[in-house]
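Asker:
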Amino acid sequence: MALNVIVAKDYQELSQKVADLMIERIRQNPEIKLGLATGSTPVGMYRNLIEDHKKNGTSYKNVTSFNLDEYVGLPETHLQSYRYFMNDTLFDHIDINKENTYVPRGDVDDFEKECVDYENLIEKHDGIDLQVLGIGTNGHIGFNEPGTSFDSKTHTVELKPSTREDNARFFASIDEVPTRAITMGIDTIMKSKEILLVISGENKKEAVEKLLSGEVSEDFPASVLNNHPNVTVFVDEAAYPSANK
Ligand code: F6R
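Shown next as structure tokens:
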């Protein structure tokens with residue numbers, strides 16, 4: 006089944022289109038279970054969700070959210086932890102009950118238990134209705150790096166040098182970028198009922214090309230989305246291979 010692709014003029018239009026669809030889904034189902042991503046790409050979309058919440062009163066009181074991943078070793082108070090990012094970028098500005106926002110813990114002693122608990126928690130909530138994803142330049146989704154089994158559940162991973170380099174911009178130096186992360190697995194992600202993959206910028210062009218070629222391989226994790234029945238890919242022209250040709 007071909008992926009549904011929506012091409013936006015630029016980052017601003019991209020962020021608005023994704024936010025509009027999310028708002029529609031939240032209004033249709035006020036108890037929706039959202040799967041959320043961090044990174045640069047969804048920041049504009051989160052900004053639009055906040056603006057809509059303030060202007061139009063879309064409520065998150067009964068919404069539950071599960072984030073994709075967290076760095077191993079960073080406590081929730083660390084400025085670069087994904088929990089901190091989510092509070093700062095979205096949760097602190099809407100009426101969501103923080104107790105219903107879940108991010109894997111990066112500062113536990115027993116990661117095996119944390120992974121099983123996180124997977125069970127999602128199942129206990131009857132799974133994710135709407136999952137937002139970004140994509141790494143190497144095709145990762147969540148922190149599922151190339152080579153990750155499509156059967157994987159929530160697990161810890163060793164980050165690839167390319168991923169640490171991509172993310173070094175958020176840290177004082179590359180040495181400070183954690184080497185491991187805890188992430189939902191590919192199977193966890195694929196169980197979501199609907200998926201929105203958001204992609205922006207020239208440096209993602211090659212990844213978009215690979216994704217849209219339709220070839221499915223564990224060497225390029227995002228390619229698994231070609232097997233999901235309900236994915237919309239939102240891409241801006243800068244990242245879209247056949248735009249501006
Ligand atoms: C973040 C995540 C990652 C990012 C990806 C793209 O929670 O799971 O897969 O979505 O690394 O990051 P940006 O948007 O910063 O290019």
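The sequence shown runs contiguously to residue 250 in the numbering used here. Quick reminder that beta carbons are idealized off the backbone N, C-alpha and C, glycines included.
(1) From this set, THR46, TYR123, MET50, HIS58, which residue's C-alpha is nearest ILE146's C-alpha?
(2) Give the straight-line distance between the Cα atoms of SER20 and MET50, rounded to the nearest whole angstrom.
(3) Assign THR188 to one of two classes, buried (16 or more other C-beta atoms within 10 Å of its C-beta) or exposed (fewer than that).
(4) Among the residues of its own chain, which have a CB less than 6 Å from the CB of VAL229, if the five just before and after it don't count?
(5) Mind checking which residues open and close the alpha helix (DSSP H) that includes ARG88?
(6) Grab me the residues of VAL23's own chain with a C-beta within less than 7 Å of its C-beta, minus the 5 sequence neighbours each way, in chain order.
(7) With a 10 Å radius around its C-beta and 16 neighbouring C-beta atoms as the bar for buried, classify LYS250 as buried or exposed.
(8) Which ranges would you report for the alpha helix (DSSP H) in the region 168–201 if only whole runs of at least 4 residues count?
(9) Under 9 Å, do LEU216 and ILE140 count as touching if we go by C-beta distance?
(10) Between LYS66 and LYS129, what straight-line distance do the alpha-carbon atoms span, to the nearest angstrom?
(11) In terms of residue numbering, what span does the beta strand (DSSP E) encompassing VAL121 cover?
Answerer: So, from the data block:
(1) THR46
(2) 4 Å
(3) buried
(4) PHE155, ILE191
(5) 87–94
(6) MET50, LEU201, VAL203, PHE239
(7) The pLDDT assigned to LYS250 is 47, lower than 50, so where the model puts this residue is not dependable, and the model offers no usable value.
(8) 191–195
(9) yes
(10) 19 Å
(11) No beta strand (DSSP E) holds VAL121; the alpha helix (DSSP H) holding it covers 116–129.
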